[in-house]
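First to last, the protein sequences are chains A and B. Numbered by this note's numbering, the letters in the first sequence go through residues 1 to 315 in order. Numbered by this note's numbering, the letters in the second sequence go through residues 1001 to 1665 in order. We treat Cβ as the ideally placed atom computed from N, Cα and C, and that holds for glycine. Because the structure is a prediction, the values reported are computed rather than measured. Reviewing the structure listed below.
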Amino acid sequence: MSLASPLIGAVQLALVVLGGPLLLGLMRVVRSRLEGRDGPPVSQPWRDIAKLARKQRTRPSESSWIFAAAPLVLVATAATVAVLAPLVTLAPPLAGSTDFIAVIFVLLVGSVALALAALDTGTAFGGMGASRALTIGALVEPALLVAVLALSLPLHSTNLIAIVANGSRHVSTLLGPSHLLALGSFIVVILAESGRLPVDNPSTHLELTMIYEALILEYSGPDLAAVTLGESMRLAIWLGLFVNLVAPVGIAANAHALAVVVGLVALSLKVAVVGIAIAIFEVTTAKLRLFRLPELLAGGFILALLGVVTGAVMR
Amino acid sequence: MIVLALVAGLGVFATLAALASRAVRVQLVAGLLGLVEVVAGAAAIHVLATNRSIAGHTASLVPFTGVTIDLTPLGALFTLTTAVVALAATIHWVGYRRHAMSSVSASSAFALFVTSLLLVPAAGDVVTFLVLWEVMALSSLVLVAHDHAKRDEARQAAWWYGAMTQGGAALITLGLVVLAGHAANPGFSAIAASASHLPAATRGAVFLALFIGFGAKAGLVPAHVWLPRAHAEAPAPASALLSGAMVNLGIYGIVLARTLLGVGATWWWLVAGFFGVISALYGSLYAATSADLKRLLAYSTSDNMGLVVIGLSASGLFAARNPAASSLALVATLFLVTAHALYKSTLFLGAGSVQYATHERDLDRLGGLARTMPITTAVVVIGALAVAALPPLNGFGAEWLVVQSLVHGLTNADPVTTVTTALFVAALALTGGLTIVAFVKAVGVGFLGRARSESAERAREVPVSMRIAPAITAAACVIVGVAPGLAITAIARASDAVAPNRSGLAATLSGFHLEALRGAVDPLALALGAVAATLVVAGLRRAGGPRAGAKLRAFEPWGSGRAVTSARMQYTATSFAEPLQRVFDDVLAPQHDLDVSHALESRYYVERVAYASANDDIVERRLYRPVLALAAVLGVRARALANGSVHRYLAYGFVVLVIALVVVS
């Protein structure tokens, strides 16, 4: 039985929406166990979201419509990508125009909306968070786009589905040095984009060291629920894309119902494994000083550049 | 031909209409100019639609050579872009006249400037081109010097602009005259036919002269120094034209050089690419760290023109081994030029509205405008998102196309091209990231949050014409972004003459589709999806949200336990850019000055701390200042040559005559 493409989009969206907060919860559980604490249950982020959603909305007294719109934009852009990206299957809606660069830039719209909202609060913390987040974002960009260029080399196409499909058909591409170097740079990008250690400490409580938490400091109630949901969806999307570029095992090649179910399970397992790995890495590492980050990000850029050069030379 | 004569005639008429009485002057000139812009735009659309040039020649008007007009599809694209930008600027001017630019000189210079901008791309021979180019340069100089009586900065800007533009024009004249000297007549078609017979060294030298001359007009680093001064000091409608139309003609010139000289050698395009990369990075870095709204926009223009030149360079580099990628790169570049014209004129007109309402352009003295000037803010937000290349606006389409052409160019590329292309992508990406910082800062600090000064607090929304004008260009940004089909068709036609379109680029109404590349993106679908999702989430927030009856509550924001009472506790534009400034400390070399005075009784008590930091243009400080200082010293020394003795002057004349005779013989 074949599924219609809107249905597939809905399946992917449901997985990302439901699974994103669970992924966050899973990573927190792993961290607390390794730190010798019991920690909250895996479902805790969902409980938080449900609790926040019932509360009253607040806004800083001198903010504008931008502050109110940003959480919506964050969730909406993440949802758009969740529908279109090759996460569970290679046959999501609009498969012909699922471009890697478009995916990156749609997610970027969410980041920019949050940064504008942070400045709209009219406080020092909002500005601090926005300034730091965007500085890191600007320095991540070269690594990210050059990594995309390296991944696009085998097909000379930046179509994300074509890239993943090519990987699942020709395993040799996956083991090529160009691909591996690009993915190495991709790891740095993901850690920075989703605000994980050593770039940002997601569980910090000290305002002056905050990046992402300072950005959303003024949100509460349903808005904070939306922001939390949106951020966890983005983390799930980044990790989902990463695992499908590293090992497109189990991804549904067509829209057959059984294949989609297999793809669903495979993606969940793969993302969980990577999530646990990141959590373990986070326990064993310390946050880098903000002004040491350019070195890390430049390292990511160099890896990607080497990926392009080796990819072009080895052809 | 007649239609272009009509444009020129009406333009001259509008220029003279500036002599009308003060009460009706601006309205009269603006009305006539609007007519000029509509007629020129219609002529350009006609050329693009029928793919047939408007050409003609008249022996009168200019002695010896006459005037040749040849509005090709390429030129028509630039004329059309200028017409749209100029129409918005003219409408904006009607309201802006209460703030500035209502004098006879400003009105006539504006009319002359618009007319020459519309006609430069229609010039068909060297003489016509140079005459129109000079009219454009001089009329814009009058506008840059508009505030010369009140502000020293405006005088400085006019000096810098005048010197740079005339230096550039000298190089352009040199290059074109060398070409015309070898051709049967000074018409561009005759030059193009004969230039291939020139020796390679001559062609290379001519290319360099033209590239530097036109590059200075486009604001490429290191010839950009006039740009942040002139664009910032000119009144807003003029800034919008400088940045949205005049710099484009610098790019037109570089493309013209390629049509005249052919693709040429690889090193031409490596040189061009080098300056493109430098301009893109340098411009975006200074835009990100600048605290003056109009200087920020001006640096961003330099950055965008850098990206455009990167595209032109890629097109030249790919031409030999991959003509399809070459033509795609050219289409992408021209798309970027038109996109930049639309969003940058939106932003400059928006900045003009802010200046009108607050008399400020320092970001640290603005803020809180989203509530008092909602329409201007909304328009500026659209412009800022477009320049940040975010989907679904036209800036995203341009960036996507440029990256696609670079990806495509890696097929069948030699090692030099491969490495250059990868560096181009990196430069594009870093520039993109820095641009986002710059424009989130411009909007976030300048328009959002709390008002940072009394004048910002008192701001009121501007007159209706100043709200409509940037809204036109902003709407164009959205429309070209989500439905690029018509624009792509027109641009492909314009670029066909330079690099025939073999890229299989097919634009449907709603998106870009590159058959050969398996590349496609549908900004319209993305936009609709995201908007639908936003509405759904908004509905959910409403349904599951506040308990019955409870509304959105406004709170005092968190101030670490104490009440936030002062707008001065917000992040400023300078503090926002501080991390970046530190990261790029070696490049920017900002100057800090910390002056601590201690109390008399003890060194442990501080009485007063004074801190000043300046982030002026490092190219200007390290490259131009020493040269100018040297020139001043030499000038003083050279006074010794002129001691007032007539005999000595006669001797100089004799020596020069002898040298001239020796050289000639």
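With its beta carbon at least 8 Å from every one in chain B, E213/A lies outside the interface. When DSSP states are grouped into helix, strand and coil, L1261/B belongs to the helix group. Bridge pairing for I1069/B: G1056/B and A1123/B [DSSP]. For Q1570/B, the C-beta contacts it makes with chain A under 7 Å involve G122, T123, A124 and G127, in order along the chain. Secondary structure of D200/A (DSSP, three-state): coil. Secondary structure of H1592/B (DSSP, three-state): strand. Cβ contact annotation for V1380/B (same chain, cutoff 7 Å, sequence separation greater than five): L1347, G1350, V1443 and F1447, in chain order. Inter-segment contact for the stretch 1194–1210 of chain B and the stretch 1286–1296 of chain B is absent: fewer than three beta-carbon pairs are separated by less than 8 Å.
Between V1114/B and L1033/B, the gap from beta carbon to beta carbon is short of 8 Å. In this structure, L1117/B lies near L1241/B, with their beta-carbon atoms less than 8 Å apart. The C-beta separation of P86/A from P92/A comes to about 6 Å, placing the pair in contact by the 8 Å criterion. Only buried fits Q1570/B, as 16 or more other CB atoms lie within 10 angstroms of its CB. By the rule that beta-carbons nearer than 8 Å mark a contact, P1557/B touches chain A.
In the three-state DSSP reduction, Y1649/B falls in the helix class (H, G or I). In the three-state reduction of the DSSP assignment, S1613/B falls in the strand class, which pools E and B. For S1597/B, DSSP records a beta bridge to R1608/B. Fewer than three beta-carbon pairs drawn from the stretch 293–300 of chain A and the stretch 1396–1411 of chain B are found closer than 8 Å, and the two stretches are therefore not classed as touching. What S61/A touches in chain B, judged by beta-carbon distance under 8 Å, is A1554, F1555, E1556 and P1557, going in chain order. Contact between T1081/B and A1329/B does not hold, since the beta-carbon distance rounds to 19 Å and is not under 8 Å.
Closest in C-alpha terms to A1088/B, from the list L1035/B, L1138/B, A1122/B and A1044/B, comes L1035/B. Your pair S1279/B and H1224/B checks out as a contact, with CB atoms roughly 7 Å apart and the cut at 8 Å. A residue is called buried when at least 16 other Cβ atoms come within 10 angstroms of its Cβ; G20/A meets this threshold and is buried. DSSP, reduced to helix, strand and coil, places F1447/B outside both helices and strands of the structure shown, so it counts as coil. Sequence-ordered contacts of the stretch 159–178 of chain A with chain B read N159 and A162 [C-beta pairs closer than 9 Å]. Neighbours of T77/A in chain B, taken as residues whose beta carbon is under 7 Å from its own, are A1530 in chain order. Within its own chain, the residues whose Cβ lies closer than 6 Å to the Cβ of A1059/B, once the five positions on either side in sequence are excluded, are G1066, listed in chain order.
Among the residues of chain A, none has a CB under 8 Å from the CB of F1275/B; the nearest is roughly 19 Å distant. From the beta-carbon of P1323/B, no residue of chain A is found nearer than 9 Å; the closest lies around 15 Å away. Contact annotation: K55/A and P222/A have beta-carbon atoms nearer than 8 Å. Within the stretch 1409–1420 of chain B, contact with chain A at the beta-carbon level (separation under 8 Å) is assigned to L1410, T1411, A1413, P1415, T1418 and V1419. In the three-state DSSP reduction, P1392/B falls in the coil class, being neither helix nor strand. In the assembly as shown, P1199/B is an exposed residue. Its beta-carbon has fewer than 16 other beta-carbons within 10 Å. Of all residues in the stretch 79–109 of chain A, those with a C-beta nearer than 8 Å to a C-beta of chain B are A79, T80, V83, L84, L94, G96, S97, D99, I101, A102, F105, V106, L108 and V109, reading in chain order. Rounded to whole angstroms, the gap between the alpha carbons of G1383/B and V1440/B is 11 Å. At a cut-off of 8 Å, the C-beta of P222/A has a neighbouring C-beta in chain B. The three-state secondary structure of H1231/B, taken from DSSP, is helix.
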